[in-house]
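One structure is given below, encoded as structure tokens.
See below:
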């Protein structure tokens, strides 16, 4: 006699196994990339198409080269961001030029003056070589599309800025402020802004770029600002306009950071 109890158990197991088989068989299969192959295809043509393309592009290239090679100013000596521990001649010039450019716009729009300019050492991508300075020089110095902005910071955030500069030990372009460091160069003795001692409760207007304002290079103190003003002015254009205004480019000599 068939044991119905055992039969029902076997039947249930059989149905469960069949169900699982169908479930896995019907589920979508995941595909994985196991191999990538490629080959280089040269953009050449034996039927003279290269010459046609070159003839089409040539007038545009020549026109761009003409604009880029226009002489705007003269540099008596090379300005380089790599020479200097706490400040460099190129970085100081950039900060001075940027502060002056921002100040003109800010006074017209907001009836206020710029106190400080702080930019980043890594943002300078080239040198100003001795000799003729061209539009191309500005593009090589500043190939990015960064905008000039002004941030309103309390004196407390300016002190944070100084501590950041000390910790970084990089010659970030700085203007409008002088920092006296203690002998160990690990802390500051005094800070002055526009020739006056730092007031922790005062609001200062700091020119910088939108990359740094948004936290670039970990300059997070900018995000604590009470207001930000986008001047809609590319830092590259700041350089170009400056080159057009001057005949001979000066070399900044004044120290912004001094070790006691």
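In our numbering, the protein residues as written are 10 to 269. We put the CB at the ideal spot given by N, CA and C, even for glycine.
A direct Cα-to-Cα measurement between residue 120 and residue 71 gives close to 44 angstroms. A residue is called buried when at least 16 other Cβ atoms come within 10 angstroms of its Cβ; residue 265 meets this threshold and is buried. Closest in C-alpha terms to residue 156, from the list 269, 135, 238, 48, comes 238. A direct Cα-to-Cα measurement between residue 135 and residue 101 gives close to 14 angstroms. Around the beta carbon of residue 235, a 10 Å sphere encloses fewer than 16 other beta carbons of the protein chains shown; the residue is thus reported as exposed. Across the set 110, 254, 130, 176, the C-alpha of 176 shows the shortest separation from the C-alpha of residue 195. The Cβ atoms of residue 91 and residue 214 lie no closer than 8 angstroms to each other.
Using a Cβ-Cβ distance cut-off of 8 angstroms, the region 240-253 and the region 198-215 are not in contact, since fewer than three pairs of beta carbons, one from each stretch, lie closer than that value. Taking the C-beta atoms as reference points, residue 117 is found no nearer than 8 angstroms to residue 216. The region 179-219 contains, as complete beta strand (DSSP E) runs of 3+ residues, the segments 186-190, 197-202, 212-218 (chain order). Out of 48, 94, 62, the CA that lies nearest to the CA of residue 179 is found in 94. Across the structure, residue 193 and residue 138 are spaced so that their CA atoms are roughly 34 angstroms apart. Taken in chain order, the unbroken stretches of beta strand (DSSP E) that lie wholly in the region 44-131 and span 3 residues or more are 80-84, 125-127.
Between the beta-carbon of residue 204 and that of residue 124 there is about 11 angstroms, and that puts the pair past the 8 angstroms contact cut.
Residue 164 sits in a helix when the DSSP states are folded into three classes.
In the assembly as shown, residue 43 is an exposed residue. Its beta-carbon has fewer than 16 other beta-carbons within 10 Å. Taking 8 angstroms as the cut-off, the Cβ atoms of residue 269 and residue 162 do not count as close. About 5 angstroms separates the beta carbons of residue 82 and residue 255, which is inside the 8 angstroms limit, making them a contact pair.
With a threshold of 16 other beta carbon atoms within 10 Å, residue 241 falls short and is exposed. The beta carbons of residue 230 and residue 166 sit closer together than 8 angstroms. In this structure, 87 is the residue among 232, 129, 87 with its C-alpha nearest to the C-alpha of residue 260.
Taking all protein chains in view, the Cβ of residue 183 is crowded by 16 or more other Cβ atoms within 10 Å, so the residue is classified as buried.
If the five residues before and after residue 106 are omitted, its C-beta is found closer than 8 angstroms to the C-beta atoms of 247, 248, 251, all from its own chain and listed in chain order. Between residue 160 and residue 222, the gap from beta carbon to beta carbon is short of 8 angstroms.
In the three-state reduction of the DSSP assignment, residue 256 falls in the coil class, being assigned neither a helical nor a strand state.
For residue 145, the enclosing alpha helix (DSSP H) covers residues 144-150.
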